[in-house]
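Visitor: Numbered per the numbering used here, the sequence shown spans residues 9 to 212.
Heads up, the beta-carbon is just placed ideally off N, CA and C, and yes, glycines get one too.
My structure is below; once you've seen it, I'll send some questions.
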Amino acid sequence: MNWRKWLDGFALASKGILLATREKKFWYGFVPSFLFFGFLMNLLSGGFTKFELMSALGFPASLRVIGECFLAIFGINQIFLDWLPIFAISILQGILIGLIVLLWDKKRHQNSANLEKAGIITGLIALGAGCPTCGTTLLTPLIGTIFSTGGLAITGTISTIITWLAIIIAVLSLKRLGEEAYVIIINEKYLAKKRVKEQNEKSS
9 MNWRKWLDGF
19 ALASKGILLA
29 TREKKFWYGF
39 VPSFLFFGFL
49 MNLLSGGFTK
59 FELMSALGFP
69 ASLRVIGECF
79 LAIFGINQIF
89 LDWLPIFAIS
99 ILQGILIGLI
109 VLLWDKKRHQ
119 NSANLEKAGI
129 ITGLIALGAG
139 CPTCGTTLLT
149 PLIGTIFSTG
159 GLAITGTIST
169 IITWLAIIIA
179 VLSLKRLGEE
189 AYVIIINEKY
199 LAKKRVKEQN
209 EKSS
């Protein structure tokens, strides 16, 4: 493996993500997905125990549990080492979806054959990037149920491993999407400058 080329790819992807954060459409995807997945992972972090608790408490009191899960996104009343991986993957998943929304919007408005050849279509991007958080949130309660008789230590260890694996998958997906965003945004700026130059030449 050419590590220099690999690191250059990550550097390019970082520039693409930075450029994407300057676009409103990126935040339309990032904010709701970050909050949704952060809430969902905190809600399911202990398996189905929170659902059982809400069922026992009833509707009014269960709202407090929901509120605590939402505040946990930002580390409120959380152990730092337990909060960090959940927060990290929520951020990464938010960036992934923000990039997908942005790329979809740009490809929808751009019909240039060159731009289409510069990367894959947005639908395949969405499928290829996947949803690391989805796998984590679905497996965590299942693991909690299977290993409930084996002690919390086993459950916590396996859940942590799955969460960190999801983070790795998200980072690798971000590399590809970040590179795609960089190519499209830079091409878009180039074409915009070219149009301005042509208009100036015509008017002069």
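Closer than 8 Å by C-beta to Gly17: which residues in its own chain qualify, once you throw out the five before and the five after it? Chain order, please.
Guide: Numbered from its first residue, the sequence shown carries residue 17 at position 9. Cβ within range, chain order: Lys183 and Glu187.
Visitor: Answer with yes or no whether the minimum CB distance from Leu173 to chain B is below 8 Å.
Guide: This model lacks chain B altogether, as it is built from one protein chain only.
Visitor: Straight-line CA distance for Gly37 to Ile194?
Guide: Counting from 1 along the sequence shown, the entry for residue 37 is found at position 29. Counting from 1 along the sequence shown, the entry for residue 194 is found at position 186. When rounded, the distance between both Cα atoms is 21 Å.
Visitor: How long is the line joining the alpha carbons of Ala178 and Ile74, rounded to whole angstroms?
Guide: If you number the sequence shown from 1, residue 178 lands on position 170. If you number the sequence shown from 1, residue 74 lands on position 66. Whole-angstrom Cα-Cα distance: 26 Å.
Visitor: Mark Leu160 as exposed unless 16 or more other C-beta atoms lie within 10 angstroms of its C-beta, in which case mark it buried.
Guide: Taking the first residue of the sequence shown as position 1, residue 160 is located at position 152. Annotation note: pLDDT 47 at Leu160 (below 50); position unreliable, no value reported.
Visitor: For a test of the three-state rule: what should DSSP assign to Asn10, helix, strand or coil?
Guide: The residue labelled residue 10 in the question sits at position 2 within the sequence shown. Of the three classes helix, strand and coil, the one that applies to Asn10 here is coil, per DSSP.
Visitor: Just curious, the alpha helix (DSSP H) that Arg72 is in, first and last residue?
Guide: On the sequence shown, position 64 is the one that residue 72 refers to. Taken as a continuous stretch (DSSP letters only), the alpha helix (DSSP H) holding Arg72 covers Phe67 to Leu79.
Visitor: Would you call the region 39 to 54 and the region 101 to 119 in contact, with 3 or more CB pairs under 8 Å?
Guide: yes
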